[in-house]
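Read in order, the letters of the sequence shown correspond to residues 169 to 537 in the numbering used here.
Here's the structure, in structure tokens; my notes come after.
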Amino acid sequence: MNKKTLKQLIIICSLIAVGFMYFILFKTSSYTDNQVEQNTKEDKKLSNIYPKPFLKEEVKNRVPEALKEYVDLGHRGITVGMGPYDSYSNYMYMRDIKAYENNKNVKMDEDGFPMILYEDGYFYNPVSFCHFTLSMYADYLKTEDEDLKDYFLKCAEFLITLQDKEGAFRYPFEWYNYNSGETYPKDWVSSMAQGHALSVYTRAYHLTKDKKYIENGNKVFNFMIKHKDEGGTLTTLEDIDPKYKDHIFFEEYVSTPDSYTLNGFIFSIFGLYDWATLNEDYPELKIGGLPAYYFEEGVESLKLILPLYDIDGMSTYDLGHIVYGKDGHVIASYHSIHIIQLSNLYSVTGEKIFHDYQRLWTYYVEDLV
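Here it is as structure tokens:
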């Protein structure tokens, strides 16, 4: 691993701490010992229900290291951010804006907006900014403090200035893709930024009924569904298997071949879900049925490939071990994020596979000490 890659991974871990590393540690006591034992046996059986990919020994060997890291991070059980999901309520587990103010890799600008430290200085990161904004929204809902509401809306308005006339959020710094080995020049795009922005604009419109959020959100959506060959973030599952060429995927890190980053994809389609919910609840806005269509297509794709992220003891960050033949990109903290995402996704779809993998991936780590 080169120094640049290492530094980027350190930054990623810092952003995890900033945006969504707030899990309550617990050992449930609401079940009897017999019930716990029975549930554990049932969860273990789930590992044999779904087909698994052939895993190289190098990939399997990543599991013990990742489990140790999971313990070292202090994770035990997960309660914060689990479903059910509501497009107008807290965004999963975004909370505690003070974490941004106390992070050495974050500088608050004169307006109180977070800038993230990278190699060439401090920049607004669209995803991190959305995390901050959604955290502000959660704090407002919790306290009903009108100042926090105003702060949230101030952030939502500033977010509009970060998108270009096409509706794209372009990153103002370079980024190294460890799978493809390429360095993205500045102005690269990410489906996760597009999806998160839709989640922000959904909540902002619900609060204000200001149509500027609809106008800009529609631009964000239209760019998001542009194929990567046209500069957008939409791709297919063809790089996993040509027979999947008609199934869609939204890329957090656009590359050729695709990397298929799991958390970024799920966050992306939740943005589509929020935008579709807004269309359903406010039909006069005439957003249309495309957000719901792409959300449903995304769900079908995830049902198809979710087992590929399971490496018998941990989930992987992406499918680099399949598409690129890598050793397996495993980040322990993202295992918790995947569990939370699947819980929320199950709550809005009712798809059993999401509940099954939420249980299975929880089973992998629930008894770690």
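Ideal Cβ positions, reconstructed from N, Cα and C, are used throughout, including at glycine.
In this text the structure is predicted, and so the values were computed from the model without any measurement.
Anticipated Cβ contact below 8 Å, residue i with residue j, distance rounded
i	j	result
E350	S423	7 Å
V491	I408	7 Å
M482	V231	5 Å
F341	Y286	5 Å
S358	E420	5 Å
L476	P221	5 Å
N293	I328	Actually they are not in contact, since the Cβ atoms of N293 and I328 sit about 16 Å apart, beyond 8 Å.
S363	F435	Inspection of the sequence shows that residue 363 is occupied by Gly rather than by Ser. The pair is a contact, with the Cβ atoms about 5 Å apart (cut-off 8 Å).
Y149	H374	Past the boundaries of the shown model lies residue 149; the chain is included only from 169 to 537, so the question cannot be answered.
H506	N386	The pair is not a contact, with the Cβ atoms about 30 Å apart (cut-off 8 Å).
G457	F418	So it is not a contact: roughly 18 Å between Cβ atoms.
W529	H503	6 Å
D486	Y428	5 Å
L214	R527	6 Å
F291	M283	6 Å
L316	I479	About 41 Å; that fails the 8 Å criterion.
F522	L513	5 Å
Y259	L321	Going by Cβ atoms, the distance from Y259 to L321 rounds to 16 Å, so no, they are not a contact pair.
Backbone secondary structure at residue i - three-state DSSP
i	result
D449	helix
G422	A small correction: the amino acid at residue 422 is Val; Gly does not occupy that position in the sequence shown. Note: V422 maps to coil in three-state DSSP.
T429	coil
H395	strand
Y218	coil
M283	strand
F300	helix
L155	Past the boundaries of the shown model lies residue 155; the chain is included only from 169 to 537, so the question cannot be answered.
K275	strand
F341	coil
T401	coil
G289	strand
K377	coil
N386	helix
G439	helix
S367	helix
K228	helix
G466	helix
K454	coil
V239	helix
D151	Residue coverage of the chain in this structure runs from 169 to 537, which leaves residue 151 outside it and unanswerable.
L223	coil
Y261	coil
Y268	helix
L309	helix
V357	coil
D211	helix
E519	coil
I434	helix
P410	helix
P294	helix
P252	coil
L536	coil
Beta bridge counterpart(s) of residue i as assigned by DSSP
i	result
Q362	Answer by DSSP bridge pairing: none, since Q362 is not bridged.
Q331	F337
F549	For residue 549 there is no data in the structure shown, the boundaries of the chain being 169 and 537.
Y352	W343
Min CB distance residue i to chain B below 8 Å
i	result
Y421	Given the protein chain composition of this structure (a single chain), no chain B is represented.
Practice item. Count the C-beta pairs between the stretch 362 to 378 and the stretch 445 to 459 that are closer than 8 Å, then say yes if the count reaches three, no if not. Key: At 8 Å Cβ cutoff, the stretches touch.
Exercise for review: Scan the stretch 469 to 516 and note each continuous alpha helix (DSSP H) run of 4 residues or more that stays entirely inside, going in chain order.
Suggested key: Listed in chain order, the complete alpha helix (DSSP H) runs (minimum 4 residues) inside the stretch 469 to 516 are 488 to 491.
Exercise for review: Report yes or no: do three or more beta-carbon pairs, one from the stretch 249 to 257 and one from the stretch 226 to 241, lie closer than 8 Å?
Suggested key: Short answer: they don't touch.
Review point. Taking three-plus beta-carbon pairs below 8 Å as touching, is the stretch 378 to 395 in contact with the stretch 329 to 338?
Key: The stretch 378 to 395 makes contact with the stretch 329 to 338: 3 or more CB pairs, one atom from each, lie closer than 8 Å.
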